[in-house]
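Novice: Below is the structure I would like to discuss, written out as structure tokens.
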Amino acid sequence: MRQVYLDYAATTPTDAEVVSAMQPFFTERFGNPSSLYTLGQEARAAVENSRKIGADFLGAKPKEVLFTSGATESLNQAIKGVAEARGMVNGGLKLINGKAPHIITTLIEHHAVLHTCQHLERLGFSVTYLPVNQEGLVEVRSLKEALTDQTIMVSVMYVNNEVGTIQPIAEIGKAVKEKSKEIVFLTDAAQAAGYLDCAVDQLGVDMLAIAGHKIYAPKGVGIFYVRSGTLWIPQQDGGGQEYRRRAGTENVPYIVGLARAMQLVQENKEEVNNRLTHLRNKLIKEVLARVPRSHLNGSQEQRVPSNANFSFKNVEGESLLLMLDQEGIYVSTGSACSSGTLEPSHVLTAMGLTPEIAHGSLRVSLGKYTSEEDINYFLEKLTPIVAKLRETSPFK
Ligand SMILES: Cc1ncc(COP(=O)(O)O)c(C=O)c1O
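Structure (structure tokens):
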């Protein structure tokens, strides 16, 4: 049976070129970068060269780039690290003008941010979760209204993982710094790095997170960018690796692989973006034309070229996913990270969809190996499956 993978926002296959760049570091070049002899120093050189490539990708200084186990770790390090540095003293809360330190984020962040913020709320921090409009976009006006004299940090994702919407990061960064240069601005760029410019100065961010497995590197490696001078306390204690800011022996092969993946993104971005925009636009146009009572979720314009997210009225998303699976088509309802739960997507409900409509949603995410035939196959199978599910639905 034909297999059509349309879930690149969940994860991507590791690029063959990335695998071959990594290969020697598992075997003959296996040294520990902390070892002083030649084998170790070769591994050290590979890590530092990868750091330079990461820095180039971000328009940053190499020492501002830390390698982590992925975006979840980077986001935890960032948020908890700033909270501890700015909002805690002797293990307790450090009040600012008699009030709890304050963090601003949005209702549509990944759980790596939301659950970290909830953890800090339990410690006494105050957190504002900004709403989004129906298009899935944060309005800068609401951010400005939420900033207070106690705000220590703002965390807004660059691209949403479910609906692919691109947030106005540079504008938000400007508003944050107008309020106070001391406020740390973090962005989760996990879903952006493959498609958008991640130059940290243009974005106006102090911290940024990247996940290797969204850009054709392996799972379990990522980047945590920290602008020099940012007040932050590392959250992982142990050895002195990563300039004493992220303890633990470096995952040399994966770090080398991530750097190669970043180079490939830079080399191919324009071509991939153009091709995916064409395929994705065709997909959206055809789905809306062929499937009655279908709806595109999220802004049509402010979205990455790889993402389409649909709602089908009176269709249960999980059943749709499973029936497509039987045809060899892999897609997702909501976010893969949160699937396994039957809760409607927190992103779609924040955009004003009812829980029923949110349940009938499908994320189709394209990637660099997606072909026109893949899209045609998906379109051919989708329409009869939706019709069949509606026939058996109790809600007509
Ligand atoms: C927007 C976003 N942030 C964070 C993450 C978590 O990244 P990782 O899997 O590298 O921990 C993901 C992955 O699903 C994501 O899509």
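According to this note's numbering, the sequence shown is numbered sequentially starting from 1066. Beta carbons: idealized from backbone N, C-alpha and C, even for Gly.
#1: Using only the alpha-carbon positions, how far apart do residue 1424 and residue 1378 sit?
#2: Should residue 1163 and residue 1266 be called a contact, given that it needs their Cβ atoms to be closer than 9 Å?
#3: Identify whether residue 1397 lies in helix, strand or coil by the three-state DSSP scheme.
#4: Using only the heavy atoms of ligand 1, determine whether one of them is closer than 8 Å to the beta carbon of residue 1181.
#5: Within 8 Å, do at least three Cβ pairs link the stretch 1109-1126 to the stretch 1185-1197?
#6: Please list the terminal residues of the continuous alpha helix (DSSP H) segment that includes residue 1115.
#7: Which residues in the same chain have their Cβ closer than 8 Å to the Cβ of residue 1027, if we skip the five residues on either side of it in sequence?
#8: Just the Cα atoms here: how many angstroms apart are residue 1367 and residue 1092?
#9: Can you tell me whether residue 1390 is buried or exposed, with buried defined as 16 or more other CB within 10 angstroms of its CB?
#10: Does the structure place the stretch 1348-1365 close enough to the stretch 1434-1446 that three or more beta carbon pairs sit under 8 Å?
#11: DSSP beta-bridge partners for residue 1278?
#12: Ignore the nearest five residues each way along the sequence and tell me which others in residue 1248's own chain have a CB closer than 8 Å to its CB.
#13: What do you get for residue 1147, buried or exposed, if any count of 16 or more other CB atoms within 10 angstroms of its CB means buried?
#14: Quick one: is the Cβ of residue 1326 within less than 8 Å of any heavy atom of ligand 1?
#15: Let me make sure I understand the geometry here. Which of 1451, 1289 and 1437 has the alpha-carbon closest to that of residue 1071?
#16: Are there any heavy atoms of ligand 1 lying less than 8 Å away from the beta-carbon of residue 1106, as far as the coordinates show?
#17: According to DSSP, residue 1372 sits in a beta bridge with which residue or residues?
#18: Here's a check: name, in chain order, each residue in its chain whose Cβ is nearer than 6 Å to the Cβ of residue 1373, leaving out the five neighbours to either side.
#19: Report back the beta-carbon spacing between residue 1304 and residue 1313 to the nearest angstrom; my notes put them in contact at under 8 Å.
#20: What does DSSP give as the partner residue(s) for residue 1218 in the beta ladder?
#21: Is the separation between the beta-carbon of residue 1133 and that of residue 1287 shorter than 9 Å?
#22: Span of the beta strand (DSSP E) holding residue 1260?
#23: Regarding residue 1177 and ligand 1, is the C-beta to nearest heavy atom distance less than 8 Å?
#24: Who are the near neighbours of residue 1402 in its chain, counting only those whose CB is closer than 6 Å to its CB and skipping five residues on each side?
#25: Assuming residue 1289 is part of the beta strand (DSSP E), what are its boundary residues?
#26: For residue 1095, which of helix, strand or coil comes out of DSSP?
#27: Roughly how far, in whole angstroms, is the beta-carbon of residue 1412 from the beta-carbon of residue 1225, given that I think they are within contact range, below 8 Å?
#28: With DSSP run on the structure shown, which of helix, strand or coil describes residue 1403?
#29: Thinking C-alpha only, which one of 1143, 1289, 1167 and 1141 is nearest residue 1152?
#30: Work out the CA separation of residue 1145 and residue 1309 for me, nearest whole Å.
#31: Rank 1289, 1376, 1340 and 1319 by C-alpha distance to the C-alpha of residue 1137 and give the top, closest one.
#32: Suppose the cutoff is 6 Å on Cβ atoms and the five residues either side in sequence are ignored; what does the same chain contact list for residue 1400 look like?
#33: Quick one: residues in its chain with C-beta nearer than 7 Å to the C-beta of residue 1262, no 5 flanking neighbours on either side, listed in chain order?
#34: May I ask you to list the residues that DSSP assigns as paired with residue 1327?
#35: How would you label residue 1293, buried or exposed, when you count the other beta carbons within 10 angstroms and need 16 or more for buried?
#36: Determine the burial state of residue 1210: buried for a count of at least 16 other Cβ atoms within 10 Å of its Cβ, exposed for fewer.
Specialist: Concretely, from the data shown:
#1: 9 Å
#2: no
#3: strand
#4: no
#5: no
#6: 1103-1123
#7: With the chain represented from 1066 up to 1461, any question about residue 1027 goes unanswered, as that position is not in the structure.
#8: 44 Å
#9: exposed
#10: yes
#11: According to DSSP, residue 1278 bridges with nothing at all.
#12: 1212, 1216, 1217, 1218, 1219, 1241 and 1242
#13: buried
#14: no
#15: 1437
#16: no
#17: 1430
#18: 1345, 1348, 1349 and 1429
#19: 7 Å
#20: 1168 and 1249
#21: yes
#22: Segment: none, residue 1260 is in no beta strand (DSSP E) and carries neither H nor E.
#23: yes
#24: Because residue 1402 carries a pLDDT of 40, less than 50, the predicted location of this residue cannot be relied on, and no value is offered for it.
#25: 1287-1291
#26: coil
#27: 6 Å
#28: Bear in mind that a pLDDT of 46 at residue 1403, under 50, signals an unreliable position, so the number given afterwards is only what the model happens to contain. Coil at residue 1403, not helix or strand.
#29: 1167
#30: 17 Å
#31: 1289
#32: Residue confidence is low: residue 1400 scores 41 on pLDDT, short of 50, so the model does not pin down where it sits. No coordinate-derived value is stated.
#33: none
#34: Residue 1327 pairs with nothing; no bridge assigned.
#35: exposed
#36: exposed
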